Amino acid sequence: MTHPAQPKASHFINGEYVEDTAGTPIPVIYAATGEQIATVHAATPAIVEQALSTAKAAQKAWAKMTGTERGRILRRAADIMRERNHDLSVLETYDTGKPLQETLVADATSGADALEYFGGLAASLTGEHIPLGEDWVYTKREALGLCVGIGAWNYPTQIACWKGAPALACGNSMVFKPSETTPLCALKVAEILIEAGAPAGVFNVVQGMGEVGGALVTDPRVDKVSLTGSVPTGKKVYAAAAEGMKHVTMELGGKSPLIIFDDADLDNAVGGAINGNFYSSGQVCSNGTRVFVQKGIKEKFLARLAERTGNAILGDPMDEATSFGPMVTENQMNIVLGYIEKGKEEGARLICGGKRADMDGYFIEPTVFADVTDEMTIAREEIFGPVMSVLDFDTEEEVVARANDTEFGLSAGVFTRDFTRAHRVIGNLEAGSCFINSYNDAPVEAPFGGVKASGVGRENSKEAIKHFSQVKSVYVRMGDVDAAF
Ligand code: NDP
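Be aware that the sequence shown starts at 1, since it is given in this note's numbering, and climbs by one per residue.
Right, here's the structure in full:
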């Protein structure tokens, strides 16, 4: 019997599901059991061509609609997503393995927020009037054209919406390629947009591995590439986009610092560290995986952290009581287990977890290492799993310097009751998305993105509009033209 997660076909192009079984089969594995639940096929060159030519052809008419009309469609799509939240959350859980307890509140809901927010902004994307005596200049905010979105595997619904919603609000069309690991959810987003009234071809989904992404990025018809992925992939995609002078948004990895001063509310700080390391089993780019704890409260912090981490419920992700799911794939599990072994070898003190959980699926116990030092591998490299490194510090000056000593700059957080210090520390941290007495909140109203190797551009908020549109300026002369000859 066909599993309910099996999509009707692999791709969604020009308003309908499209199949080409000549493409390499991609098995979809449910991470909680290791069972294959669906198969899709990577896009063949013919499918890539169909998607790009369709999106190119659909864009101009879409951009000519008023912002109010485009916005209405996006807001209708948001409503449909909310009505179907339960089914979409179950699919997200099948796609990623994340527990339903999370997906019910963080995925289709966050996608719907993006569709609603950018739907609301679409009608107010205006230019300026710049008076110059009798003459004047006016500016227009115009679409970029055909955009390519490429997603990572941790938030397949959210990433499709965070890229698709602002792109479409500005009058662009999009071809979106999900990660080969999580191909299911973006198809539903495409289906819902059509149901909400989006013209066929405005938002298309094609499946495939890196080479399909590469074919999309290098196509001369593409005006912009928005990638969520790792730093090495980001460097390749950025370089390929530069070759064609395309616009880019790069949302890449991190190794973010979370700094806890000794005056912090201990339970809130522990809660922040848990949210910033163990949500989605640690598979979150902005995670605060270097937890710097001021020496005076170190042992108290570790004791409370171990106690609360012990309350994590590992189990069937479809059971709403489960609060901690598996790694997305066996491969990712093995990568993370490798880092745990490195942590042990390099002399970090294991506080809890530290191994694969004794159950089916790709579960790793939530793991905390203490006495981690700056040069250890687990403190330098992005692990993308449930491995928290706790490092000690004495002074503010010292911790800021150590926190900034990394190629990454996605996020940073500080816990303290001293507000002057909180703002001063955040002001000195090299990161794009920061938190004071909190961690990992990502409302659509706030810009999201990194500095340094963690990325270029911003998603969400009004900032995203700037990255999916361009300004045309028009000089208007009222008098005669004065020429030298
Ligand atoms: P990858 O960088 O491996 O892949 C990202 C996407 O790019 C995938 O769809 C991948 O396809 C595709 N891709 C790979 N090579 C190319 C290429 N040469 N040209 C075009 N596309 C290509 O990341 P993961 O999927 O493993 O996701 C984890 C990473 O994503 C982590 O580093 C994490 O930090 C980062 N991330 C960043 C976020 C942010 O907003 N800053 C949010 C979430 C994750 P395929 O996988 O099918 O081969």
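Don't be surprised by glycine CBs; every beta carbon is placed ideally from N, CA and C.
Note that this is a predicted model, so its numbers are computed, not measured.
Cα-Cα separation, residue i to residue j
{"i": "T249", "j": "F485", "result": "46 angstroms"}
{"i": "K56", "j": "A112", "result": "25 angstroms"}
{"i": "T406", "j": "D371", "result": "19 angstroms"}
{"i": "E195", "j": "K236", "result": "35 angstroms"}
{"i": "G271", "j": "H86", "result": "27 angstroms"}
{"i": "V390", "j": "A63", "result": "50 angstroms"}
{"i": "V387", "j": "R417", "result": "27 angstroms"}
{"i": "E35", "j": "P178", "result": "20 angstroms"}
{"i": "E459", "j": "F301", "result": "34 angstroms"}
{"i": "D20", "j": "S10", "result": "8 angstroms"}
{"i": "S411", "j": "S454", "result": "9 angstroms"}
{"i": "E49", "j": "R72", "result": "30 angstroms"}
{"i": "S53", "j": "F203", "result": "12 angstroms"}
{"i": "T2", "j": "T182", "result": "18 angstroms"}
{"i": "S173", "j": "K140", "result": "19 angstroms"}
{"i": "G244", "j": "F261", "result": "47 angstroms"}
{"i": "K344", "j": "S226", "result": "37 angstroms"}
{"i": "Q470", "j": "A303", "result": "52 angstroms"}
{"i": "T96", "j": "A22", "result": "26 angstroms"}
{"i": "T24", "j": "I150", "result": "19 angstroms"}
{"i": "I340", "j": "K355", "result": "8 angstroms"}
{"i": "N428", "j": "G67", "result": "39 angstroms"}
{"i": "V456", "j": "L184", "result": "27 angstroms"}
{"i": "Y362", "j": "T373", "result": "28 angstroms"}
{"i": "A403", "j": "E397", "result": "10 angstroms"}
{"i": "N275", "j": "N440", "result": "7 angstroms"}
{"i": "Q294", "j": "A379", "result": "17 angstroms"}
{"i": "V217", "j": "A242", "result": "10 angstroms"}
{"i": "T228", "j": "R421", "result": "33 angstroms"}
Beta-ladder partner(s) of residue i, from DSSP
{"i": "F277", "result": "As written in the sequence, residue 277 is Asn, which differs from the Phe given in the question. Per DSSP, none; premise fails for N277."}
{"i": "A108", "result": "In the DSSP output, where bridge partners are listed per residue, A108 has none listed."}
{"i": "R349", "result": "A370"}
{"i": "L258", "result": "V291 and G413"}
{"i": "S454", "result": "According to DSSP, S454 bridges with nothing at all."}
{"i": "V476", "result": "W136"}
{"i": "F176", "result": "G149 and V205"}
{"i": "F301", "result": "Paired residue(s): none; F301 is not in a bridge."}
{"i": "L391", "result": "F292"}
{"i": "P183", "result": "In the DSSP output, where bridge partners are listed per residue, P183 has none listed."}
{"i": "S124", "result": "None, per the DSSP bridge assignment."}
{"i": "M17", "result": "Note that residue 17 corresponds to Tyr in the displayed sequence, not to Met. Y17 is bridged to F12."}
{"i": "Q36", "result": "I29"}
{"i": "C170", "result": "Its beta-bridge partners do not exist; DSSP assigns none."}
{"i": "E142", "result": "Q470"}
Exposure of residue i, with buried meaning 16 or more beta-carbon neighbours within 10 Å
{"i": "N277", "result": "buried"}
{"i": "R477", "result": "exposed"}
{"i": "Y117", "result": "buried"}
{"i": "A215", "result": "buried"}
{"i": "H129", "result": "exposed"}
{"i": "A46", "result": "exposed"}
{"i": "G310", "result": "exposed"}
{"i": "V522", "result": "There is no way to answer for residue 522, as the model of the chain reaches only from 1 to 485."}
{"i": "A152", "result": "buried"}
{"i": "S110", "result": "buried"}
{"i": "S473", "result": "exposed"}
{"i": "Y279", "result": "buried"}
{"i": "N331", "result": "exposed"}
{"i": "R349", "result": "exposed"}
{"i": "R424", "result": "exposed"}
{"i": "F384", "result": "buried"}
Within 8 angstroms, strictly: CB atoms of residue i and residue j
{"i": "V399", "j": "F393", "result": "yes"}
{"i": "I37", "j": "A61", "result": "no"}
{"i": "K255", "j": "E381", "result": "yes"}
{"i": "S124", "j": "T103", "result": "no"}
{"i": "T93", "j": "M333", "result": "no"}
{"i": "G164", "j": "V189", "result": "yes"}
{"i": "G234", "j": "L258", "result": "no"}
{"i": "S281", "j": "G325", "result": "yes"}
{"i": "I313", "j": "T322", "result": "yes"}
{"i": "I351", "j": "V328", "result": "no"}
{"i": "I492", "j": "I192", "result": "Residue 492 lies beyond the residue range present for the chain, which begins at 1 and ends at 485; the question has no answer from this structure."}
{"i": "G449", "j": "G432", "result": "yes"}
{"i": "A200", "j": "F415", "result": "no"}
{"i": "M70", "j": "G171", "result": "Note that residue 70 is Arg in the sequence shown here, rather than Met. Their beta carbons are under 8 angstroms apart, which means R70 touches G171 by this criterion."}
{"i": "V284", "j": "N154", "result": "yes"}
{"i": "C161", "j": "F468", "result": "no"}
{"i": "Q158", "j": "D107", "result": "yes"}
{"i": "D316", "j": "A32", "result": "yes"}
Near the ligand GDP: residue i beta-carbon under 7 angstroms from a heavy atom
{"i": "N334", "result": "With respect to the ligand GDP, the structure offers nothing, as its ligand set consists of the ligand NDP."}
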